[in-house]
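Peer 1: Numbering (this note's numbering), first residue to last: 10 to 210.
Note that CB positions come from ideal geometry on N, CA and C, so glycine has one too.
If you're wondering where the values come from, they're calculated on a predicted model, not measured in any experiment.
This is the structure I want to talk about, given as structure tokens.
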């Protein structure tokens with residue numbers, strides 16, 4: 010009686026197919042993943058037990074440094090960023106060139122008063138990324154440029170959401186002025202970014 014040899018090629022085909030699917034999934038996750046960008050300045054956030062996640066899209070962010078400076082990060086959408094820049098230019102009587110608009114569409118965060126914005130946008134890419142603002146965006150009872158950034162962003166898209174990331178050392182009057190400014194434009198819902206509180210043993 011002749012001995013029948015088992016067929017092994019089917020196993021090889023299946024393993025190849027599984028490898029292909031795994032590679033495709035890995036490629037998909039790499040291409041679609043959004044990696045968190047480092048902050049413009051070092052921030053130590055307060056801790057909390059909240060596990061709620063920030064929304065992925067249409068999110069603008071305010072950064073408050075230990076010495077009370079404010080930075081504003083617009084939403085990621087490039088065309089909507091340029092519309093925001095046009096809105097702020099109209100409010101402050103400024104015109105921006107196409108290269109300045111292109112730079113603004115790629116900028117990580119804004120941390121300068123409006124009268125210094127054109128100079129900031131005309132820096133080289135490397136200098137812009139390394140720039141540490143000596144003043145931040147004005148935000149007090151007489152000069153509320155930070156609130157103008159939020160308000161003009163909402164004029165572009167009223168569905169934008171806001172997250173505030175403040176340092177534990179930020180002085181209360183600065184935070185109070187920000188919250189009061191948001192209240193004045195009836196923008197009362199926003200996220201506070203915290204670090205996860207660890208269990209105490």
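Could you give the first and the last residue of the continuous beta strand (DSSP E) run that contains residue 102?
Peer 2: Per DSSP, residue 102 belongs to no beta strand (DSSP E) and is neither H nor E.
Peer 1: Whole angstroms are fine: how far does the CA of residue 131 sit from the CA of residue 99?
Peer 2: So the two alpha carbons sit approximately 19 Å from each other.
Peer 1: What is the DSSP secondary structure of residue 132, reduced to helix, strand or coil?
Peer 2: In the structure shown, residue 132 sits in coil (DSSP, three-state: anything other than H, G, I, E or B).
Peer 1: Under the rule that 16 or more other beta-carbon atoms within 10 Å means buried, what is residue 82, buried or exposed?
Peer 2: Flag for residue 82 reads buried.
Peer 1: Using a Cβ-Cβ cutoff of less than 8 Å, which residues in the same chain neighbour residue 169 once the five nearest sequence positions on both sides are dropped?
Peer 2: Closer than 8 Å at Cβ, skipping near neighbours: 67, 68, 69, 84, 162, 163.
Peer 1: Please report the distance separating the alpha-carbon of residue 135 from that of residue 118.
Peer 2: Near 14 Å, if we compare the C-alpha coordinates of residue 118 and residue 135.
Peer 1: Leaving out five residues before and five after residue 104 in sequence, what residues of the same chain have Cβ atoms less than 8 Å from its Cβ?
Peer 2: Answer for residue 104: 98, listed in chain order.
Peer 1: Which stretch, first to last residue, makes up the beta strand (DSSP E) that contains residue 119?
Peer 2: It is not in any beta strand (DSSP E) - residue 119 carries neither H nor E in the DSSP assignment.
Peer 1: Cα separation between residue 110 and residue 94?
Peer 2: For residue 110 and residue 94, the distance between alpha carbons rounds to 7 Å.
Peer 1: Taking the beta strand (DSSP E) that residue 169 falls in, what are its first and last residues?
Peer 2: Note, residue 169: premise wrong, no beta strand (DSSP E); not H, not E.
Peer 1: Can you look up residue 43 in the DSSP assignment and give me helix, strand or coil?
Peer 2: Reliability of the predicted coordinates at residue 43 is poor, the pLDDT of 41 falling under 50, and no value is obtained from them.
Peer 1: Identify whether residue 156 lies in helix, strand or coil by the three-state DSSP scheme.
Peer 2: Reduced to three states, the DSSP call for residue 156 is helix.
Peer 1: If I measure Cβ to Cβ from residue 149 and keep anything under 8 Å in the same chain, skipping five residues before and after, which residues do I get?
Peer 2: Cβ within range, chain order: 186.
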